Amino acid sequence: MFLPIFLFELKYRLKRPATWIYFVLLFLMAFLLVTAAGGGFGTGVNISIGGDGQTVKINAPFSLTIVTAVLSVFGVIIASSLMGNPVYRDFEYRTHALFYTTAISKFGYLAGRFLGSYLIAVLVFSGIGLGAAAAGVMPWVEADRFLASAPAGTYAWPYLVLVLPNLFFSGAIFFTGATLSRNILSTYIGSVLLLVVYLIASSYLQDLKNEHLVAALDAFGLSAIDLTTRYWTSADKNTLVLPLSSYVLLNRGVWLAAGLVLLGLCYARFRFSAFTSERVAKKTRAAAGAPGGPVASGEGLRLALPRVAQVFSGAMSLRQWWSLTRLEFWGIVRSRYFVAIAGSGVILLLATAAQVGKTFDTATYPVTYEVISAISGSFFFFFLAIIIFYSGELVWRERQAGVAQITDAVPVPSWVPFLSKLAALSLVQVVLLVVVMACGLLIQTFKGYFHYEIGQYVQALFLYELPYLLLWCVLGMVTQVVLNNKYLGFFVMVLYYVANLFRTQIGFSHRLLGYGGGASPGPYSDMNGYGHFLPAFWWTKLLWLGVALLLVLLANLLWVRGTDTRGRLPEARRRWSAGSSAALALGLAISLGAGGYIFYNTNVLNKYRTPKEGEKRQVAYEKRYRRLKDVAQPRITAVDLNTEIFPSTRAVRFRGRFTLVNKHARALDTVIVNIPVEQNPRVLALTLGQPGQAALALNDTTYGLRLYRLAQPLAPGDSLSLGLDLRYQERGFPNSDSNTDIVHNGTFVSSGYLPGLGYRENAELSGDQDRRNYGLKPKPRMAPVNDLKARQNTYISSDADWIRFRTTVSTEADQTAMAPGYLQKEWVQDGRRYFTYVMDRPMLNFYTFLSARYKQYKSQWVDSVGGRTIPITIYYQPGHEYNLQRMAAGARDALAYCSRSFSPYQHRQLRILEFPRYQSFAQSFANTVPFSEAIGFIAKVNDEDPEDLNYPYYVTAHEVAHQWWAHQVIGGNVQGSTLMAEAMAEYSALMVLRQQRGPTAMQRFLKFDMNRYLSGRAFEKKKEVPLALVENQQYIHYAKGSVVMYGLQDAMGEGVLNGGLKKYVAAVAFQGPPYTNSTEFVGYLRRAAPDSLQPYLTDQFERITLFDNRVTAATAKKLPNGRYQIDFTVKSAKFYADSLGNQRPADQSRDALPLAILPAPDKNGKPQPPLLLLKRHLKAGDNKLSFTVNRKPASVAIDPFNMVIDRQLDDNRKDLKL
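Mapping of the sequence shown onto the numbering used here: residues 4 to 1221, in sequence order.
Here's what the structure looks like:
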């Protein structure tokens, strides 16, 4: 009977409109996605999935793999409808008795239903590939974003590898759940379980120790794809199809096997019975024969029924509403399906708790805001699932149970059943938030953190997140009522949620267009709380409250009562009442009033621009003023400012003057002043020179550009002053990107708020594709390395060299104001505190101002060479004392190492200043280091755990090293400049860390940086360049730079390398233009290095060089003399890569590669020094090696400390068995 059932299922499904609707939906989703990514909707839509159309093409094999994988995940709800329905349908339409009394085999029945539905699902999901293919040939997409030809196999392969297995396993879950439970809700539980496993796997994706576990856990295969392709370059992504790597094979094998197990369970447990088990059958039969059943015969009973007074008042309706609300609420929370969904969420939260707040793979203290952010974000999917599923179940419950005609006839107003269901669903959200809060407290307790902030939990969850969830409850219920189709309602809600995630990219960026407005006012900071984010949050919630009231009114009018649903509009007119008019008026008043006030804030008090408008603005600026690019300008040589910070009103005022000097060989008659209009300053005064000395020839307030003509040209060496008075006052709230520099506690504003001189090249459009869209030529990221004209400026400033700096900073009485320099005077006047700072030597035109309520931690460093005592002060938020000693130690050790190795420290103090977590970085100014509360102050470093990275120490050392590498040696505005700044600061910090933790501990840091480099080059949007030509690419100057420089000191010797660096610093420190470049830097390294290392320097700095080294076999045996012999094979290959990642083999005969025989770690897991460490020249291909050691070995490795850039990090080591 298999074939007839199988063919029946196919014919039935093919005739159903839903099948073709699902196909068209997936086709359109893929079509629209590829069209948007391909520029088909114009420059205002910015979507990239897999490929950006520049270096990685939209129809490249990698891009198509990602599109297919992602849409197959979003299509799970379609799969649940297709695969969960076959057997359940027999019960829904009460045809099961016919099938169950027919002579059919269990295998034929189940297999026919499953395989028929599976093939239909395969057909439906083919819409993804067909839609993507169709979009690629449309005339409105930009052809240069696509490969010239994409073989059919590039579309078919991800379908075979990803979609078919995903459909098989997810189909097995849905089919088995619905078949055994005879309840369609079980398919939803299956969807949630799939999501839980995926989210758990995703949370561990960056954990390099558990890669294969992560790959196995993700049922959809996305993690396996990520791990397989994480180091692919643009060239790889454009040419390679997804290989059947160990990650992919493991993942597909695990979940295909799981699907087979589920189907086997289904077969074993299924019975041709109306009941799901014998226990249920017996219970049902016993109930049927119990007393109280119907009277079979005899005289009917005569009962004297009391007369009941019928009451139809409003108070009675409220009582009925509350009674039904309780009934619906308890019906949900007592449901095993609700318990399963909520329980899955709890499992997810507890399973991923170890990843909460991790930085550099090291834990942070589970402070309340970190825990709330992690758990509420993770749990939102479960809120959403429950809202979507139960909105459908609540609306359709009576109709599915067959009692709708009875309940619809009950004399209660239509608003009573609808609002009772809505209230019940809303109360469920309260229960779930209590569960989330309990999980947060448990996580903190399990992590040994007992500073519970119950008030913050209540505020974040019940005051801010709950209104957002209630708005989604309204949307879910109204969608079901209006569409009057449960499954369509489900799909529309999921589709809306997905579309809402991308609404900014598709041009709907205004907050008036985002239903609900978000679950949180903004990022919470221990320093600043929720700060200034609350007004925008509450006005947005008020807007959507008004809209929700209108939606509730609509649902009440369209609420289905009876079996005839075709006349709902006439019925809505009949239901209209005075209360409806009042609700309409109130909803419109709230939404229009709040919306108008929001528009006033975002579009009148502040400037609102869509991303496309922003691009056009950049293009217009360039086309209008690029002619001024080469107009010679004087240089800023001195800054004297009176800076007033007003934290309570979020305002800053700058008054003062710049001294401008003509450093050119000819007189200047034009001065161009640009004002940073992005922050909307009020220019109270801006005067150039003395009265009559300069005339304002152009004042473009749109772009902040002023052009002055000098009455008398400024002669070489002459000076004039630029007087300024600017006020920055935050007014109302913007649409997005709220200013987080000027805040109530923790203001952090930089010199970027002050006017500059000349044309601003950084205001131009930078993306090549974007520039082509507007008819502009591609723009190089930086000038060529030896461009002498560009080297007249540093890469930090285009209008100054070294400046004299003085400022008086004032703030409110309870705060401390800070700026670079030395405190000369402090006083209180008119309820404000004043601080005067003066720098005693020239510094870069790069400074900052901070104001906060600080406590101080003091330390000092004694210079063993010069005998000076340098005070070190950390200004921090009370309660953030965890790592102050580590940070102070990092500062001391960096000062000592850099002073000893490169040059004396140029300042008499060092200050570290905490600022709010709105940005996650630290930054080095002259003797002043602002440091985010997010990246070190709450780190929980276990010094006994070798896997923990002491990043508060390391980041501090890095920033202190910038006092040499940027504040003494600064490169010109050309390629390679950040090599001498960021890469050298990384190298210095690594060497400081090695002194503290020893050489064996460095492997963890270097592996992290190696992974960061290899992952970074995989997402390069323009071109990869060699290290010496780095164009401010973080993955190159930070990650690759640290690996290369650490490997270089290993090759040259630390003393030899530092000796060359010391000579370089002596030659170029504090120099004027032309500023140094990487060619000069590498030249000093070459002079310090022996001839044998010259090719190595070329490979590391001037080429993109990669290795593929792996240990393919290894054995060990104990010899009669007690020693151990190790035989192993190393396969080695060396490559040179171009800017897109295309590789060619390279000669490796002159490369000495490190080999090691390693012992087992100690009992605490700490790595031990190698038993044998040496370097060997290896030929390309297999190399057989043999060594003997005195102690028992545990593993053998090539490049054990990750000092050689290798495209695969997990095959360089092999364990030994004795």
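We put the CB at the ideal spot given by N, CA and C, even for glycine.
These numbers come from a predicted model, not from an experiment.
### Query
How big is the Cα-Cα spacing for Leu557 and Glu396?
Indexing the sequence shown from 1 puts residue 557 at position 554. Indexing the sequence shown from 1 puts residue 396 at position 393. The alpha-carbon atoms of Leu557 and Glu396 are separated by roughly 19 Å.
### Message
Given a cut-off of 7 Å on the beta-carbon distance, is the pair Ala1117 and Phe1131 in contact?
### Response
Here residue 1117 refers to the residue found at position 1114 of the sequence shown. Here residue 1131 refers to the residue found at position 1128 of the sequence shown. The answer is yes: Cβ separation under 7 Å.
### Task
Quick one: which unbroken alpha helix (DSSP H) runs of 4-plus residues sit fully inside the stretch 904-966? Chain order, please.
DSSP runs (the alpha helix (DSSP H)) wholly in the stretch 904-966: 954-964.
### Message
With the cut-off set at 7 Å, would you say Val439 and Ile378 are in Cβ contact?
### Response
Here the question's residue 439 lines up with position 436 in the sequence shown. Here the question's residue 378 lines up with position 375 in the sequence shown. It is a contact, given that the beta carbons lie within the stated cut-off.
### Same chain only: Cβ atoms within 7 Å of Phe808, ignoring 5 sequence neighbours per side
What you label residue 808 is simply residue 805 of the sequence shown in a count that begins at 1. In chain order, Val642, Pro823, Gly824, Met842, Met846, Tyr850 place their CB closer than 7 Å to the CB of Phe808, counting only its own chain and leaving out the 5 sequence neighbours on each side.
### Query
Going along the chain, which residues of its own chain have a beta-carbon closer than 7 Å to the beta-carbon of Asp721, five neighbours each way excluded?
One-based indexing of the sequence shown puts residue 721 at position 718. Hits under 7 Å: Asn665.
### Query
Where do the ends of the alpha helix (DSSP H) carrying Ala136 lie?
Locating residue 136 in the sequence shown gives position 133, counting from the first residue. It spans 109-139 - the alpha helix (DSSP H) in which Ala136 sits, taken as one unbroken run.
### Task
Measure the C-alpha to C-alpha separation of Gly334 and Ile915 and round it to an integer number of angstroms.
One-based indexing of the sequence shown puts residue 334 at position 331. One-based indexing of the sequence shown puts residue 915 at position 912. Approximately 57 Å, taken between the alpha carbons.
### Outcome for Ala986 when other beta-carbon atoms lying within 10 angstroms are tallied against a minimum of 16
As a working mapping, residue 986 is identified with position 983 in the sequence shown. Label assigned to Ala986: buried.
### Message
Is the beta carbon of Phe117 closer than 7 Å to that of Ile61?
### Response
Stepping through the sequence shown from its first residue, residue 61 is reached at position 58. Stepping through the sequence shown from its first residue, residue 117 is reached at position 114. No, these two residues do not count as a Cβ contact at 7 Å.
### Query
Applying the criterion that 16 or more other CB atoms from any shown protein chain within 10 Å of the CB defines a buried residue, is Pro650 buried or exposed?
Here residue 650 refers to the residue found at position 647 of the sequence shown. Counting Cβ neighbours within 10 Å, Pro650 comes out buried, since at least 16 surround it.
### Alpha carbon of Pro2 to alpha carbon of Arg1000, nearest angstrom
Because the chain is modelled from 4 through 1221, residue 2 falls outside the range shown and cannot be assessed.
### Message
Run through the DSSP bridge pairs and tell me what Arg658 is partnered with.
### Response
Stepping through the sequence shown from its first residue, residue 658 is reached at position 655. Its beta-bridge partners are Asn645, Asp728.
### Gly301 classed as buried or exposed, judged by whether at least 16 other C-beta atoms fall within 10 angstroms
Here residue 301 refers to the residue found at position 298 when the sequence shown is read from its first residue. For Gly301, the predicted model reports a pLDDT of 47, less than 50, meaning its position is unreliable and no value from the coordinates is stated.
### Task
Provide the residue(s) that pair with Ser753 in DSSP beta bridges, ordered along the chain.
Reading the sequence shown from its first residue, position 750 is the one you call residue 753. Beta-bridge partners assigned by DSSP to Ser753: Thr851.
### Residue closest to Phe9, alpha-carbon to alpha-carbon, out of Val865, Val76, Phe110
Along the sequence shown, read from residue 1 onward, the residue named residue 9 stands at position 6. Closest option to Phe9, judged by alpha-carbon separation, among Val865, Val76, Phe110: Phe110.
### Message
Check whether the stretch 580-587 and the stretch 712-726 are in contact - that is, three or more C-beta pairs closer than 8 Å.
### Response
Contact between the stretch 580-587 and the stretch 712-726 is absent: fewer than 3 CB-CB pairs across the two stretches fall below 8 Å.
### Message
For a minimum of 3 consecutive residues, which ranges assigned as the beta strand (DSSP E) are wholly contained in the stretch 975-1031?
### Response
Counting only runs of at least 3 residues, the stretch 975-1031 fully encloses no beta strand (DSSP E) element at all.
### Message
Quick check on Thr814: buried or exposed, where buried means 16 or more other Cβ atoms within 10 Å of its Cβ?
### Response
The sequence position of residue 814 within the sequence shown is 811, counting from 1. Label assigned to Thr814: buried.
### Task
Identify, in the order they occur along the chain, each residue of the same chain with its Cβ nearer than 7 Å to the Cβ of Thr543, setting aside the five sequence neighbours on each side.
Position 540 of the sequence shown, counted from the start, is the residue given in the question as residue 543. Taken in chain order, the residues that qualify are Arg514, Gly520, Ile601.
### Query
Under a CB-based cut-off of 7 Å, is Ile344 close to chain B?
Of the protein chains in the structure, only one exists, and it is not chain B.
### Query
Tell me which same chain residues have a C-beta within less than 7 Å of the C-beta of Pro369, skipping the five on either side of it?
Locating residue 369 in the sequence shown gives position 366, where the first residue counts as 1. Within the same chain, Val359, Gly360, Ile446, Gln447, Lys450, Tyr452 come within 7 Å of Pro369 by CB-CB distance, once the 5 residues on both sides are set aside.
### Query
Rounded C-beta distance between Tyr878 and Gln859? I'm assuming under 8 Å.
For the purposes of this step, residue 878 is taken as residue 875 along the sequence shown, with counting starting at 1. For the purposes of this step, residue 859 is taken as residue 856 along the sequence shown, with counting starting at 1. At roughly 6 Å, the Cβ-Cβ gap stays under 8 Å, so Tyr878 and Gln859 are in contact.
### Neighbourhood of Phe5 by C-beta, 6 Å cutoff - its chain only, sequence neighbours within 5 removed
Along the sequence shown, one-based indexing puts residue 5 at 2. Non-local C-beta neighbours of Phe5 in its own chain, meaning closer than 6 Å and more than five positions away in sequence, comprise Gly111, Ala114, Gly115, ordered along the chain.
### Query
What separation, rounded to the nearest whole angstrom, lies between the Cα atoms of Ile107 and Phe275?
Translated into the one-based positions of the sequence shown, residue 107 becomes position 104. Translated into the one-based positions of the sequence shown, residue 275 becomes position 272. Roughly 10 Å between the two C-alpha positions.
### Query
Whose CA, out of Lys1024, Phe1022, Gly1044, Gly43, lies closest to the CA of Leu1?
The requested residue 1 does not occur in the structure, where the chain is confined to residues 4 to 1221.
#### Entry: Inter-residue spacing [alpha-carbon to alpha-carbon] between Leu245 and Val125
Counting from 1 along the sequence shown, the entry for residue 245 is found at position 242. Counting from 1 along the sequence shown, the entry for residue 125 is found at position 122. In this model, Leu245 and Val125 are separated by some 20 Å (Cα to Cα).
### Query
Helix or strand or just coil, what does DSSP make of Met785?
Locating residue 785 in the sequence shown gives position 782, where the first residue counts as 1. Three-state result, Met785: coil.
### Task
Sort Thr566, Leu572, Trp541 by Cα distance to Ser594 and report the nearest one.
One-based indexing of the sequence shown puts residue 594 at position 591. Looking from the CA of Ser594, the closest CA among Thr566, Leu572, Trp541 belongs to Trp541.
### Task
Identify the continuous beta strand (DSSP E) that holds Asp672 and give its terminal residues.
The residue labelled residue 672 in the question sits at position 669 within the sequence shown. Where Asp672 is concerned, the enclosing beta strand (DSSP E) stretches over 671-677.
### Query
Going by Cα to Cα distance, which pick from Leu444, Tyr471, Pro470 is closest to Tyr460?
Here residue 460 refers to the residue found at position 457 of the sequence shown. The residue with the shortest Cα to Cα distance from Tyr460 is Leu444.
### Query
By DSSP, does Pro1098 sit in helix, in strand, or in coil?
Here residue 1098 refers to the residue found at position 1095 of the sequence shown. Per DSSP, reduced to three states, the secondary structure at Pro1098 is helical.
### Query
Using the beta-carbon count (16 or more within 10 Å), is Trp235 buried or exposed?
In the sequence shown, residue 235 corresponds to position 232, counting from 1. Under this definition Trp235 is a buried residue.
### Task
Work out the CA separation of Ala597 and Val545 for me, nearest whole Å.
Taking the first residue of the sequence shown as 1, we reach residue 545 at position 542. Taking the first residue of the sequence shown as 1, we reach residue 597 at position 594. Contrary to the premise, residue 545 reads as Leu rather than Val in this sequence. Between Leu545 and Ala597, the C-alpha separation is close to 6 Å.
### Message
With H, G and I counted as helix, E and B as strand and the rest as coil, what does DSSP make of Ile1208?
### Response
Within the sequence shown, residue 1208 is the residue found at index 1205, counting from 1. Of the three classes helix, strand and coil, the one that applies to Ile1208 here is coil, per DSSP.
### Message
Measuring straight from C-alpha to C-alpha, what distance separates Ala21 and Leu85?
### Response
By one-based count along the sequence shown, residue 21 stands at place 18. By one-based count along the sequence shown, residue 85 stands at place 82. CA-to-CA, the gap between Ala21 and Leu85 works out to about 9 Å.
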